[in-house]
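Sequence order for the protein chains is A and B.
Note that our numbering has the first sequence beginning at 1315, numbered continuously upward.
Note that our numbering has the second sequence beginning at 69, numbered continuously upward.
For every residue, glycine included, the Cβ atom is placed at its ideal position computed from N, Cα and C.
Note that the coordinates shown come from a computational prediction; the quantities given were computed from them, not determined experimentally.
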Amino acid sequence: MLRARKLSARDLTAAFLERIDRLNPILNAFITIDHEGAMAAARQADERLDRGQSTGLTGIPVAVKDLFCTENLTTTCGSRMLAGFRPPYESTVTRKLKEAGAIILGKTNMDEFAMGSSNETSWFGPVKNPWDTRLIPGGSSGGSAAALAARLALATIGSDTGGSIRQPAALTGITGLKPTYGRISRYGMIAFASSLDQAGPMTLSAADAALVLQVLSGHDPSDSTSIQADVPDYSAALNTSMEGVRIGIPVEYRPDTLDPEIARALDAAQEVFVQQGATLVPLSLPHTRHAIPTYYIIAPAEASSNLARYDGIRFGYRCQDPRDLGDLYTRSRSEGFGAEVRRRIMLGTYVLSSGYYDAYYRKAQKVRRLIADDFQRAFAQVDLLLTPTTPGTAFPLGEKVDDPVAMYLSDIFTINVNLAGLPALSLPCGADTRGLPIGMQLIAPILKEDRLLAVAHAFQSATSWHQRKPEL
Amino acid sequence: MSIPPETVKQVALLARLQLDDAAVGSLAGQLGAILDLAGQLDELDTREVVPMSHPLDMPIPERADVVVNGNRREALLANAPDHVQGYFQVPRIIE
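Encoded structure:
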């Protein structure tokens, strides 16, 4: 409609801003709403559309997780530490979105420094699940997930360190893609765990994910860990036949503790693929259960190092009336960081300290390789893997907040993928008896996002789970 | 297991975090629970395994040694909690 000029980008943007103003007080999905910037971008998009110079995202209203630095627009990472921080530079992700003509409506709420699985650790308060506001939306990209599920944007951007795109996508009924580590630049993404963090699109369909991924992908000289590889035409790859596709079903992802409603939804989804000509291959990833401990050594270790930069000197929160420099550092960090961030800094500092380094950090790095090797062996037999995304559907706010281990287990099916650097996608595949969304996860070899998108698209062409939306 | 409170306090000192006694107590238990989970890794024989620090086997690319983004003092100081005459300001260190 935008390209046919039946609707202007300005009208579309104004309608989304109005909906955000109405629903954000209920959902708390946004930390910053950029009315002025969005309308200015919409005017520019209209000019581009008038000139016939549009791309797939020109004039499309999007929202971005508040850990992507946006020049002169507040970027908080969900933390008191960065409340009011206005970056002097633009992240590659947001620069590319703007260059493509997308309209950035605002910055979405998130767990503080992306540490959390329920979106309850944000300094700006918890995000509510649009399907039932008594429930969590998942984390840490829960603001992006809730905003999209509530149709407060047409696409959102999240980041995924241990499942933070896929887990909230599953719990809010949207499509979330964590690309291969390095496929999208990390420049200007506020770092949590640098060897795991990956940006990715959260969309209403695999076809939309292909459009956004196309814009965001590619080598960036500003990020030495970004991959130097060609970017395929993701949209063109969508209509690949499922005939002869081999889908691996890892036995470890079907534990007895799996919610039976999720198990049933997955069985039904597998049947859809079989009817389309795919073959199911049972297989084993024997080190799966070691992923959580491995992750909770490596991620906090990297976080403790990354978060050392927040010392109250150059930017961020500073305590009142510091006695001396040591007091300034210590009180600024203690008052500026929330409980979960402090907990992970402590854990990371502990496992990296002399005497424990070999027992924990080095050991975890070795197990990380065993986990990655499991996947490599699996992909010698199959094209991709199909698993649940989460062990249950959305849980009530406050239920797990005082039990970090229980909370960490929310990401039990997603974390392995980050350790191995693989691309993975979560898409809606059912609903529980309360109507809450159920997600399934597809995992592919490195740089095979096109395969993930094609298989997800095949499923979405045959089913309508991705079209369900919450009543608001 | 629980970590001794003295260890928690020592780690807090290293991490530049201030903890009250209640926080020391709860962190001793919570960190212990997480490290119990980590204990599962000891079941695996990893003597011959090469540690994996990064998911991609790729060399770190070098860039040309040229100045970029230079001369942005005002922009970089704009977010400083306190600055004076173009410098970050901190409490006096030497009396």
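DSSP three-state assignment for residue i, whether helix, strand or coil
{"i": "residue 1443 of chain A", "result": "strand"}
{"i": "residue 1522 of chain A", "result": "helix"}
{"i": "residue 76 of chain B", "result": "helix"}
{"i": "residue 1400 of chain A", "result": "coil"}
{"i": "residue 1506 of chain A", "result": "coil"}
{"i": "residue 1641 of chain A", "result": "helix"}
{"i": "residue 1336 of chain A", "result": "helix"}
{"i": "residue 1576 of chain A", "result": "helix"}
{"i": "residue 1788 of chain A", "result": "Summary: the structure shown does not reach residue 1788 of chain A, with chain A confined to residues 1315 through 1786, and so no result is reported for it."}
{"i": "residue 151 of chain B", "result": "strand"}
{"i": "residue 1658 of chain A", "result": "helix"}
{"i": "residue 156 of chain B", "result": "strand"}
{"i": "residue 1727 of chain A", "result": "coil"}
{"i": "residue 1377 of chain A", "result": "strand"}
{"i": "residue 1346 of chain A", "result": "strand"}
{"i": "residue 1710 of chain A", "result": "strand"}
{"i": "residue 1328 of chain A", "result": "helix"}
{"i": "residue 1321 of chain A", "result": "coil"}
{"i": "residue 1485 of chain A", "result": "helix"}
{"i": "residue 1428 of chain A", "result": "helix"}
Residue i, enclosing beta strand (DSSP E) - first and last residue
{"i": "residue 1698 of chain A", "result": "1698-1702"}
{"i": "residue 1752 of chain A", "result": "1751-1757"}
{"i": "residue 1562 of chain A", "result": "1560-1564"}
Distance, residue j Cα to residue i Cα
{"i": "residue 1708 of chain A", "j": "residue 1481 of chain A", "result": "10 Å"}
{"i": "residue 1600 of chain A", "j": "residue 1589 of chain A", "result": "29 Å"}
{"i": "residue 1577 of chain A", "j": "residue 1568 of chain A", "result": "8 Å"}
{"i": "residue 98 of chain B", "j": "residue 1729 of chain A", "result": "20 Å"}
{"i": "residue 1505 of chain A", "j": "residue 1511 of chain A", "result": "7 Å"}
{"i": "residue 1716 of chain A", "j": "residue 1320 of chain A", "result": "51 Å"}
{"i": "residue 1687 of chain A", "j": "residue 1757 of chain A", "result": "14 Å"}
{"i": "residue 1408 of chain A", "j": "residue 1417 of chain A", "result": "10 Å"}
{"i": "residue 1396 of chain A", "j": "residue 1697 of chain A", "result": "43 Å"}
{"i": "residue 1661 of chain A", "j": "residue 1499 of chain A", "result": "28 Å"}
{"i": "residue 1727 of chain A", "j": "residue 1381 of chain A", "result": "24 Å"}
{"i": "residue 1379 of chain A", "j": "residue 1421 of chain A", "result": "5 Å"}
{"i": "residue 158 of chain B", "j": "residue 144 of chain B", "result": "16 Å"}
{"i": "residue 104 of chain B", "j": "residue 110 of chain B", "result": "11 Å"}
{"i": "residue 1450 of chain A", "j": "residue 1339 of chain A", "result": "16 Å"}
{"i": "residue 1484 of chain A", "j": "residue 1725 of chain A", "result": "11 Å"}
{"i": "residue 1342 of chain A", "j": "residue 1348 of chain A", "result": "15 Å"}
{"i": "residue 1284 of chain A", "j": "residue 1681 of chain A", "result": "Because residue 1284 of chain A is not part of the residues shown, which for chain A are 1315 to 1786, the question remains open."}
{"i": "residue 1759 of chain A", "j": "residue 1699 of chain A", "result": "9 Å"}
{"i": "residue 1646 of chain A", "j": "residue 1593 of chain A", "result": "56 Å"}
{"i": "residue 142 of chain B", "j": "residue 152 of chain B", "result": "11 Å"}
{"i": "residue 1672 of chain A", "j": "residue 1560 of chain A", "result": "40 Å"}
Segment limits, alpha helix (DSSP H) that includes residue i
{"i": "residue 1408 of chain A", "result": "1406-1413"}
{"i": "residue 1284 of chain A", "result": "Residue 1284 of chain A falls outside the range modelled here, since chain A spans only 1315 to 1786, and no answer is possible."}
{"i": "residue 1680 of chain A", "result": "1677-1695"}
{"i": "residue 1608 of chain A", "result": "1605-1620"}
{"i": "residue 102 of chain B", "result": "89-106"}
{"i": "residue 1457 of chain A", "result": "1456-1463"}
{"i": "residue 145 of chain B", "result": "141-145"}
{"i": "residue 1395 of chain A", "result": "Unbroken run through residue 1395 of chain A: none, as it is neither H nor E."}
{"i": "residue 1721 of chain A", "result": "1718-1722"}
Per DSSP, the bridge partner or partners of residue i
{"i": "residue 1382 of chain A", "result": "A:1503"}
{"i": "residue 1516 of chain A", "result": "A:1470 and A:1490"}
{"i": "residue 1740 of chain A", "result": "A:1490 and A:1755"}
{"i": "residue 1597 of chain A", "result": "A:1564"}
{"i": "residue 161 of chain B", "result": "According to DSSP, residue 161 of chain B bridges with nothing at all."}
{"i": "residue 1498 of chain A", "result": "A:1531"}
{"i": "residue 1420 of chain A", "result": "A:1347"}
{"i": "residue 1387 of chain A", "result": "A:1384"}
{"i": "residue 1745 of chain A", "result": "A:1751"}
Cβ-heavy atom distance, residue i to the ligand SAM, below 8 Å
{"i": "residue 1394 of chain A", "result": "Summarising the ligand content, the structure contains no ligands, and the ligand SAM is consequently not present."}
Item to check | Proximal residues, the region 127-159 of chain B versus chain A, C-beta separation under 8 Å | outcome: Hits within the stretch, in order: 128, 129, 131, 137, 140, 143, 144, 146, 147, 148, 149, 150, 156, 158 and 159.
Checklist entry - Using a beta-carbon distance cut-off of less than 9 Å, what residues from the region 1689-1709 of chain A approach chain B? => result The region 1689-1709 of chain A vs chain B, Cβ under 9 Å: nothing.
Next on the checklist: So if I threshold CB-CB distances at 7 Å, which residues from the region 89-105 of chain B count as touching chain A?
Outcome noted: Residues 95, 98, 99, 101, 102 and 105.
Next on the checklist: Counting only Cβ-Cβ distances shorter than 7 Å, please list the residues of the region 1638-1667 of chain A near chain B, keeping chain order.
Outcome noted: Within the region 1638-1667 of chain A, contact with chain B at the beta-carbon level (separation under 7 Å) is assigned to 1638, 1639, 1642, 1643, 1644, 1645, 1647, 1648, 1656, 1657, 1659, 1660, 1661, 1663, 1664 and 1667.
Next on the checklist: Beta carbons nearer than 7 Å to chain B: which residues of the region 1391-1406 of chain A have them?
Outcome noted: So the list reads 1399, 1400 and 1402, given in the order they occur along the chain.
Item to check | Short-range partners of chain B found in the region 1448-1473 of chain A, where Cβ spacing is below 7 Å | outcome: Going along the region 1448-1473 of chain A in chain order, one finds no residue with a Cβ nearer than 7 Å to chain B.
Next on the checklist: Short of 7 Å Cβ to Cβ, which residues in the region 1740-1759 of chain A face chain B?
Outcome noted: The region 1740-1759 of chain A vs chain B, Cβ under 7 Å: nothing.
Item to check | Residues of the region 1668-1690 of chain A whose Cβ lies closer than 8 Å to any Cβ of chain B, in chain order | outcome: Here the close residues are 1674, 1676, 1677, 1678, 1679, 1680, 1681, 1682, 1683, 1684 and 1686.
Next on the checklist: By the 7 Å beta-carbon criterion, what residues does the region 1618-1633 of chain A contribute toward chain B?
Outcome noted: Within the region 1618-1633 of chain A, the residues whose Cβ lies closer than 7 Å to some Cβ of chain B are 1618, 1626, 1627, 1628, 1629 and 1632, listed in chain order.
Item to check | Near-chain A residues of the region 111-124 of chain B - C-beta to any C-beta below 7 Å | outcome: Within the region 111-124 of chain B, the qualifying residues are 112, 114, 117, 118, 119, 120, 121, 122, 123 and 124.
Checklist entry - Got a sec: which bits of the region 1726-1738 of chain A sit with their beta carbon under 9 Å from any beta carbon on chain B, in order along the chain? => result Correct list: 1732, 1733, 1734, 1735 and 1736.
Next on the checklist: Under 8 Å, CB to CB, which of the residues in the region 1516-1540 of chain A have a partner in chain B?
Outcome noted: Residues passing the 8 Å Cβ filter: 1535, 1538 and 1539.
Checklist entry - In the region 1477-1498 of chain A, which residues sit with their C-beta less than 9 Å from some C-beta in chain B, listed in chain order? => result Those would be 1494, 1495 and 1496, in chain order.
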